[in-house]
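Protein chains in written order, with my numbering: chain V, 81 to 216; chain P, 81 to 216. To start, the structure itself, in structure tokens.
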DNA sequence: TATGCACCCTGTAGCAACTACAGGGTCAAG
DNA sequence: CTTGACCCTGTAGTTGCTACAGGGTGCATA
């Protein structure tokens with residue numbers, strides 16, 4: 081399959097596929113006589129793995145480790161679990177942070193009573209951390 | 081006050097202060113005879129505004145608009161409210177996304193039973209979107 | 001007086017993870 | 001035989017910083 085087909089099959093931008101190849105996340109595919117990239121099912125599976133992992137928020141380096149692991153079926157699975165667990169912890173931390181932030185923003189937005197900028201409670205709140213209820 | 085003092089007073093990296101000046105978020109300060117930047121209270125207040133807004137997740141461009149607004153006290157406050165409300169909506173959207181993601185990751189991590197990579201449920205789940213319960 | 005040290009300056013390059021060209025080649029249909 | 005869709009390489013841009021390299025300044029101490 082050519083790069084456009086792989087792109088459609090996986091919902092990945094063509095430029096992104098070439099980028100993944102450039103950084104060594106995807107192997108270099110064979111080329112046709114016209115120097116077009118030619119992909120097979122293993123490429124598609126690997127790209128699907130990468131995209132799915134990216135959607136779940138794993139970094140490229142984490143994905144590299146996970147791919148290394150799956151390329152070596154005899155290795156112990158615990159590293160995959162460790163990477164995923166650590167990532168889960170980061171996501172939970174991010175949710176906690178954003179929740180504080182949302183509460184703060186809700187308070188700030190709620191203060192708006194219209195009028196001119198000189199009296200704007202939103203602008204006032206942004207300039208003065210003292211109005212905040214939580215650390216962020 | 082010199083840049084190091086401003087840095088300590090606002091908890092902002094020196095390089096970041098110079099970066100904000102370069103992109104026009106902070107005005108160019110006066111210079112001493114030795115060409116050192118010399119800041120006053122208005123600079124500190126403006127930088128505090130910027131940092132606080134950044135902590136709340138506003139983009140540089142949003143902050144630019146908010147600063148323009150506060151520089152012109154006669155303008156209507158509604159744009160500030162609009163920017164903050166839109167940002168709040170984005171934060172809520174992000175929380176919702178991350179919550180789905182967290183649930184998916186929790187499911188994936190929970191599947192790990194140890195063993196070798198060939199049988200790894202984590203790696204399997206990453207390679208196959210079909211295991212997922214929600215869109216992400 | 002020398003010298004160390006903390007601080008300041010400019011300018012440029014790097015980070016993540018793409019995205020967007022510019023400027024060209026290939027191929028099948030009408 | 002030309003039009004249009006597709007492909008190629010290489011480079012530069014995005015956001016919001018951060019990290020140098022290579023230099024100058026200012027003050028205290030030996």
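For every residue, glycine included, the Cβ atom is placed at its ideal position computed from N, Cα and C.
Report, in whole angstroms, the separation of the C-beta atoms of residue 142 of chain V and residue 175 of chain V, which I expect to be a contact under 8 Å.
At roughly 19 Å, the Cβ-Cβ gap does not stay under 8 Å, so residue 142 of chain V and residue 175 of chain V are not in contact.
Which runs of the alpha helix (DSSP H) spanning at least 4 residues fall entirely within the segment 175-216 of chain V, listed in chain order?
Those alpha helix (DSSP H) runs which fall completely within the segment 175-216 of chain V and span 4+ residues are 201-207.
Note down, in chain order, all residues in the segment 148-178 of chain V with a beta-carbon under 7 Å from any beta-carbon belonging to chain P.
Within the segment 148-178 of chain V, the residues whose Cβ lies closer than 7 Å to some Cβ of chain P are 149, 150, 152, 153, 154, 155, 156, 157, 158, 160, 161, 164, 165, 167, 168, 171, 172, 174, 175, 178, listed in chain order.
Just confirm the distance between the C-beta atoms of residue 184 of chain P and residue 212 of chain P, as a whole number of angstroms; I'd bet it's less than 8 Å.
The pair is a contact, with the Cβ atoms about 6 Å apart (cut-off 8 Å).
Once you ignore the five residues that flank residue 128 of chain P on each side, which residues in its own chain have a CB closer than 7 Å to its CB?
Excluding residues within five positions, the ones whose Cβ falls inside 7 Å are 90.
By the DSSP assignment, the alpha helix (DSSP H) with residue 97 of chain V in it spans what residues?
Residue 97 of chain V -> alpha helix (DSSP H) spans 94-102.
Would you mind reading off the limits of the alpha helix (DSSP H) that contains residue 90 of chain V?
Residues 83-90.
Report the CB separation of residue 194 of chain V from residue 150 of chain P in whole angstroms; it is logged as a contact under 8 Å.
Wrong, their Cβ atoms sit about 16 Å apart, outside the cutoff.
If you count every other CB in all the chains shown that lies within 10 Å of the CB of residue 161 of chain V, and 16 or more means buried, which is it?
So residue 161 of chain V ends up on the buried side.
DSSP three-state label for residue 155 of chain P, please.
Coil, per DSSP.
Taking all protein chains shown into account, decide if residue 122 of chain V is buried (16 or more other Cβ within 10 angstroms of its Cβ) or exposed.
Exposed: under 16 other Cβ atoms inside 10 Å.
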